[in-house]
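A short write-up of the structure that comes next.
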Amino acid sequence: MNQTNSNTGLTGFFDIFLGKLKEQSFIIVLMLGALYFQNRMFTQRIDKREAVEARQEAIIDKMIEENKKLYETREQYLKEQRDKYVDGYI
Numbered sequence: 611m612n613q614t615n616s617n618t619g620l621t622g623f624f625d626i627f628l629g630k631l632k633e634q635s636f637i638i639v640l641m642l643g644a645l646y647f648q649n650r651m652f653t654q655r656i657d658k659r660e661a662v663e664a665r666q667e668a669i670i671d672k673m674i675e676e677n678k679k680l681y682e683t684r685e686q687y688l689k690e691q692r693d694k695y696v697d698g699y700i
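For the sequence shown, our numbering gives the first residue as 611, with consecutive numbering after it.
Here's what the structure looks like:
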């Protein structure tokens with residue numbers, strides 16, 4: 611007798627639970643959709659930020675190379691001027 615009462619109580623609980631779940635299913639689906647949308651937007655923002663960082667890094671590397679060449683040329687010119695000055699006194 612106890613077993614039938616517990617089965618009936620358990621079945622009644624699951625019926626109530628499934629009934630409430632059906633009532634809330636639209637909200638659950640809506641919340642899942644919102645979470646999916648937020649995840650997609652977050653992923654897109656990360657991808658865009660990574661692309662911006664890559665472009666900025668490429669620009670910085672290019673500027674460093676240009677400045678390095680400029681400074682090497684300037685250094686060579688100054689060494690030549692120094693050598694001419696020293697040779698003029700010798």
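Every residue gets a Cβ at the ideal spot worked out from N, C-alpha and C, and that includes glycine.
Quick caveat, the model's predicted, so the values are computed rather than measured.
(1) For isoleucine 700, which three-state DSSP category applies?
(2) CA-CA distance, aspartate 625 and glycine 643?
(3) May I have the straight-line CA-CA distance separating leucine 645 from glutamate 663, to the nearest angstrom?
(4) Which value, in whole angstroms, describes the spacing of the CA atoms of lysine 630 and threonine 621?
Let's see:
(1) Position 90 of the sequence shown holds residue 700. The answer is coil: DSSP assigns isoleucine 700 none of H, G, I, E or B.
(2) Here residue 625 corresponds to residue number 15 of the sequence shown, with the count starting at 1. Here residue 643 corresponds to residue number 33 of the sequence shown, with the count starting at 1. Near 26 angstroms, if we compare the C-alpha coordinates of glycine 643 and aspartate 625.
(3) Position 35 of the sequence shown, counting from 1, holds the residue named residue 645. Position 53 of the sequence shown, counting from 1, holds the residue named residue 663. If you draw a straight line from the Cα of leucine 645 to the Cα of glutamate 663, it is about 27 angstroms long.
(4) Start at 1 with the first residue of the sequence shown, and residue 630 comes out as number 20. Start at 1 with the first residue of the sequence shown, and residue 621 comes out as number 11. About 14 angstroms.
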